[in-house]
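A.B. asks:
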Amino acid sequence: MQLFNPNHDRKAVVIFSGGQDSTTCLIQAIQQYGKQNLETITFKYGQRHAIELDKAQWICQDLGIKQTLIDMESTQIFSANAMMSDSPIKTGNNGVPNTLVDGRNALFLLYAAIYAKGQGITDIITGVCETDFSGYPDCRDIFIKSMNVTLNLAMDYNFRIITPLMYLTKAQTWQLADELDALDYVQQHSHTCYLGIDGGCGECPSCQLRNKGLNEYLALKSAVKNANEIGRNNSVNSTSIGG
Ligand SMILES: [Zn+2]
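Our numbering puts the first residue of the sequence shown at 1, with every later residue one more than the last.
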């Protein structure tokens, strides 16, 4: 894999769950920073299924990236919600799914920043996105910018919180994975399913979002390919006619 490393010798930590989004961010970061300047941090906070953590660990080992697991289960500060219990996943009247964990990204960023500074790392990469998850207030760009300022002030340090997926749709995130030459890898190895089914259940909101995005992207890709082929054939025909 060619490293162009526009970030020179900056070091970065990726907040890594093993899902589609953070796996795409990780692969992009490897190309941008180089493995030697990169590590991941994974939070254990009482997820419904151990498979998420297993997948995250597997990917880090497979890609040769240092992973630090932070156990936050003992803090017991997370409110009860469908991410951590067996209650059904549904969307409330306010449009926010009951998988929302209040303040989760805020807390992750704080822990990641404390860890990062200790390692001499400035750049914190997170796959949060406000396009598909409008109900999650701490996924919004305005919150991330505010948190960046807060962390800098809190620790007197120049953090850069980087959110490569902030304005991408799921289809565009798949496109990014494809551009990174990692579409198959992300598809095969990342885990997104809320029900913890290896390879995805295809039914839960997370699987539906992921599959819908993938289908949209693949449809667009094949439409572009067909259009290009038609264009090429037309130009060949017109050349032969003209010649
Ligand atoms: Zn699922």
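Cβ coordinates follow ideal geometry from the N, Cα and C atoms, glycine included. As the structure is a computational prediction, the values presented were derived from the model and not from experiment.
#1: If you draw a straight line from the alpha carbon of I144 to that of N226, how long is it in whole angstroms?
#2: Examine ligand 1 and report whether any of its heavy atoms sits within less than 7 Å of the Cβ of C248.
#3: Which first and last residues belong to the beta strand (DSSP E) in which R10 is found?
#4: Looking only at its own chain, which residues have a Cβ that is under 6 Å from the Cβ of K11, when we skip the five neighbours before and after it?
#5: Mind listing, in chain order, the continuous alpha helix (DSSP H) runs of no fewer than 4 residues lying wholly within the segment 110 to 175?
#6: Throw me the rounded Cβ distance for the K117 and M72 pair, which I believe falls under 8 Å.
#7: Under 8 Å between C-beta atoms, does Q61 make it to chain B?
#8: Please state if the CB of G19 and the CB of H189 are separated by a distance shorter than 8 Å.
#9: Tell me, to the nearest whole angstrom, how far the beta carbon of A29 is from that of I125; I am working on the premise that it is less than 8 Å.
#10: If you draw a straight line from the C-alpha of I59 to the C-alpha of T150, how long is it?
#11: Quick one: grab the DSSP three-state call for L38.
#12: DSSP on L53, reduced to helix/strand/coil?
#13: Under the three-state reduction of DSSP, which class applies to D184: helix, strand or coil?
#14: On the CB-based measure, 16 or more other CB atoms within 10 Å of its CB, does S235 come out buried or exposed?
#15: Between the alpha carbons of G34 and D21, how many angstroms are there, rounded?
#16: Cα separation between K66 and R232?
#17: Identify whether D71 lies in helix, strand or coil by the three-state DSSP scheme.
#18: Locate the alpha helix (DSSP H) running through S22, then write down its first and last residues.
C.D. replies: Put simply:
#1: The residue you call residue 144 lines up with position 144 of the sequence shown. The residue you call residue 226 lines up with position 226 of the sequence shown. Their backbone Cα atoms lie some 40 Å apart in a straight line.
#2: Residue 248 is absent from the model: the chain starts at 1 and stops at 243.
#3: What you label residue 10 is simply residue 10 of the sequence shown in a count that begins at 1. Unbroken run through R10: none, as it is neither H nor E.
#4: Along the sequence shown, one-based indexing puts residue 11 at 11. If we look at K11 and ignore the five residues flanking it on each side, its Cβ neighbours are N37, I121.
#5: 141 to 155
#6: By one-based count along the sequence shown, residue 117 stands at place 117. By one-based count along the sequence shown, residue 72 stands at place 72. Their Cβ separation, rounded to whole angstroms, is 19 Å, which puts K117 and M72 out of contact at 8 Å.
#7: Among the chains in the structure shown there is no chain B, since it carries only a single protein chain.
#8: Reading the sequence shown from its first residue, position 189 is the one you call residue 189. Reading the sequence shown from its first residue, position 19 is the one you call residue 19. Going by C-beta atoms, H189 is not nearer than 8 Å to G19.
#9: Looking up residue 29 in the sequence shown gives position 29. Looking up residue 125 in the sequence shown gives position 125. Correct: roughly 5 Å between the Cβ atoms.
#10: Here residue 59 refers to the residue found at position 59 of the sequence shown. Here residue 150 refers to the residue found at position 150 of the sequence shown. Roughly 31 Å separates the two Cα atoms.
#11: In the sequence shown, residue 38 corresponds to position 38, counting from 1. Of the three classes helix, strand and coil, the one that applies to L38 here is strand, per DSSP.
#12: As a working mapping, residue 53 is identified with position 53 in the sequence shown. L53 falls in the helix class under three-state DSSP.
#13: Position 184 of the sequence shown, counted from the first residue, corresponds to residue 184. Three-state result, D184: helix.
#14: Numbered from its first residue, the sequence shown carries residue 235 at position 235. It counts as exposed.
#15: Locating residue 34 in the sequence shown gives position 34, where the first residue counts as 1. Locating residue 21 in the sequence shown gives position 21, where the first residue counts as 1. When rounded, the distance between both Cα atoms is 19 Å.
#16: Walking along the sequence shown from the start, residue 66 turns up at place 66. Walking along the sequence shown from the start, residue 232 turns up at place 232. Between K66 and R232, the C-alpha separation is close to 46 Å.
#17: The residue labelled residue 71 in the question sits at position 71 within the sequence shown. Residue state, collapsed to three classes: strand.
#18: Taking the first residue of the sequence shown as position 1, residue 22 is located at position 22. From DSSP, the alpha helix (DSSP H) with S22 extends over 20 to 33.
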